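Read through the structure below, which is laid out as structure tokens, and then see the notes.
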Amino acid sequence: MVAQGTPLVELATAEVDLEIAVAEAELSRLQSSVDAAVLDVRGADFETGARLEQDAERAAVDLSALAAEQKRDAAELVTVEELLKKQRDLVDKKLASAEQRDQLDLRRAALAESVADATARLAAAKAHAAKADQRLIDWRKGHSSGADDARTAPARASVRAQEERLRQLRAEKDALTLRAPITGRVSAVLAVEGAALAAGEVAVRVQDDAARTATAWVDEQSAGKVSVGDRVVLRPTDGRGAERTGVVRALGVGVAELPVRFRQIPGEVSFGRAVFLDLDPAEGALPPLPGQAFESSFTTAPRGAP
């Protein structure tokens, strides 16, 4: 059983991660531009402020780019190490030549060195960005008079638009984690690790074991005998599973052609009325199978019953 919202499939997020990093850097730049506009309105030392903002902006962009580069190389290193392990096994079993193994070994060493170097550079970049931000914060404290006017509105609008863009990207990333839409049982896993999925393609099927509604079909002659509020008993036509009980919630608008599987003579068109049921809870009973058919028996509700 899986609860509603449980992650089932995680799709690759490398591309959207890079877009988010770039969008965050752009948001930082736009926020800096708003601050610059405010400082200009206040008549502060714009040249000094702009230089500090550019330093902070450049440090933020460099930090984001370096973080994305390190993440990409680290992911590739994991992949290469897995391939190298498999290739070594093949070479040990004399099922492959050592040439490709050696190439992978060289690539792994290069990536390991790159990741280690990027880690050191990332730490330095974080420290530099923090110092640049602090210099800018300290400068702003000494140049804040609260002055502002409509001239900063365009820059603020750009920030809001970029914040919305970033929100959409993060939602897009979250959507790459496929979660259970309901509480139920995983009946089929169709996705294969590493394979591409098309939009709308089914990756996992989750079956609702706690069926709460059902649709019954009553033949044309008996359609007028069923009313909202009537009780119903459902018995599996194949004898598999327990009986279910419920109540008539609504009736179909009118007479319609019966589904082929519910006709007495499949090749002969016949008509009936759809009856929509609310099922009673059936704790401990085996869930109905997908597409399972039942025979329905209706009991007329007493007059005046709710």
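Counting from 1, position 53 in the sequence shown corresponds to residue 167 in my numbering; the numbering is continuous, with no gaps.
In this text, a Cβ means the ideal position worked out from N, Cα and C, and glycines have one as well.
Bear in mind the structure is a predicted one, so any value in this text is a computation, not a measurement.
Can you tell which of Pro121, Glu140 and Gln214 has the C-alpha that lies nearest to the C-alpha of serine 272? Your numbering for residue 272 matches position 158 in the sequence shown. When each option's Cα is compared against that of serine 272, the closest is Glu140.
Subject >> Any non-hydrogen atom of the ligand ATP closer than 6 Å to leucine 209 Cβ >> reply: Only the bare structure without any ligand can be found here, which leaves the ligand ATP out of the picture.
Open item on the list: Rounded to the nearest angstrom, what separates proline 395 and phenylalanine 412 at their Cα positions?
Closed with: Locating residue 395 in the sequence shown gives position 281, where the first residue counts as 1. Locating residue 412 in the sequence shown gives position 298, where the first residue counts as 1. Approximately 18 Å between the Cα atoms of the pair.
Task: leucine 365: first and last residue of the uninterrupted beta strand (DSSP E) it sits in - done: As a first step, residue 365 must be located in the sequence shown, where it is residue number 251. Looking at the DSSP string, the run of the beta strand (DSSP E) that includes leucine 365 is 358 to 365.
Tell me which same chain residues have a C-beta within less than 7 Å of the C-beta of arginine 221, skipping the five on either side of it? Here residue 221 refers to the residue found at position 107 when the sequence shown is read from its first residue. The answer, listed in chain order, is Val194.
What are the residues that DSSP puts in a beta bridge with threonine 413?
Along the sequence shown, read from residue 1 onward, the residue named residue 413 stands at position 299. Answer is Arg345.
Quick one, are the C-beta atoms of leucine 225 and leucine 198 less than 7 Å apart? As a first step, residue 225 is located in the sequence shown; it is residue number 111 there, counting from the start. As a first step, residue 198 is located in the sequence shown; it is residue number 84 there, counting from the start. It is not a contact, given that the beta carbons lie outside the stated cut-off.
So, at 8 Å on beta carbons, what are the nonlocal neighbours of glutamate 129 in its own chain, with the 5 sequence-adjacent residues on each side left out? By 1-based counting over the sequence shown, the position of residue 129 is 15. Result list for glutamate 129: empty, nothing under 8 Å.
My parser needs the beta strand (DSSP E) runs of 3 or more residues fully inside the stretch 131 to 215; what are they? Taking 3 residues as the minimum length, the stretch 131 to 215 contains no beta strand (DSSP E) run wholly inside it.
| query | Between glutamate 167 and the rest of its own chain, which residues show a CB-CB distance below 7 Å, the 5 nearest in sequence each way excluded? | reply | Locating residue 167 in the sequence shown gives position 53, counting from the first residue. Counting only Cβ-Cβ distances below 7 Å, and skipping sequence neighbours, we find Ser146, Asp149, Ala150 and Leu250.
Practice problem: Please name the residue in Ser228, Glu133, Thr120 and Ala117 whose C-alpha comes closest to that of alanine 285. | Solution: Residue mapping note: residue 285 aligns to position 171 of the sequence shown, counting from 1. With distances taken between Cα atoms, alanine 285 lies closest to Glu133.
CB alanine 294 to CB leucine 144, shorter than 7 Å? If you number the sequence shown from 1, residue 294 lands on position 180. If you number the sequence shown from 1, residue 144 lands on position 30. It is not a contact, given that the beta carbons lie outside the stated cut-off.
* From the DSSP output, which residues share a beta bridge with leucine 391? -> Here residue 391 is taken as the residue at index 277 of the sequence shown, counted from 1. BP columns for leucine 391 point to Ala328 and Val362.
Sort Val316, Ala244, Val361 and Gly338 by Cα distance to phenylalanine 390 and report the nearest one.
The sequence position of residue 390 within the sequence shown is 276, counting from 1. When each option's Cα is compared against that of phenylalanine 390, the closest is Val361.
Check: Where does glycine 405 land, buried or exposed, given buried means 16+ other C-beta within 10 angstroms?
Finding: As a first step, residue 405 is located in the sequence shown; it is residue number 291 there, counting from the start. With fewer than 16 other Cβ atoms within 10 Å, it is exposed.
Which residue wins for smallest C-alpha separation from leucine 71, given the options Gln378, Phe385 and Ala237? No statement about residue 71 is possible, as the shown extent of the chain runs from 115 to 420 and does not include it.
| query | Three-state secondary structure (DSSP) at valine 300? | reply | On the sequence shown, position 186 is the one that residue 300 refers to. It is a strand residue.
Discussion item. Do glutamine 276 and glycine 298 count as a contact pair if the criterion is CB distance below 7 Å?
Written reply: Here the question's residue 298 lines up with position 184 in the sequence shown. Here the question's residue 276 lines up with position 162 in the sequence shown. At a Cβ-Cβ threshold of 7 Å, glycine 298 and glutamine 276 do not count as neighbours.
Identify which residue in Asp392, Val369, Pro380 and Leu204 has its Cα closest to the Cα of threonine 329. Along the sequence shown, one-based indexing puts residue 329 at 215. Cα-wise, what sits closest to threonine 329 is Asp392.
For alanine 246 versus alanine 170, is the C-beta spacing smaller than 7 Å?
For the purposes of this step, residue 246 is identified with residue 132 of the sequence shown, where counting begins at 1. For the purposes of this step, residue 170 is identified with residue 56 of the sequence shown, where counting begins at 1. Yes, Cβ-Cβ distance for alanine 246 and alanine 170 is below 7 Å.
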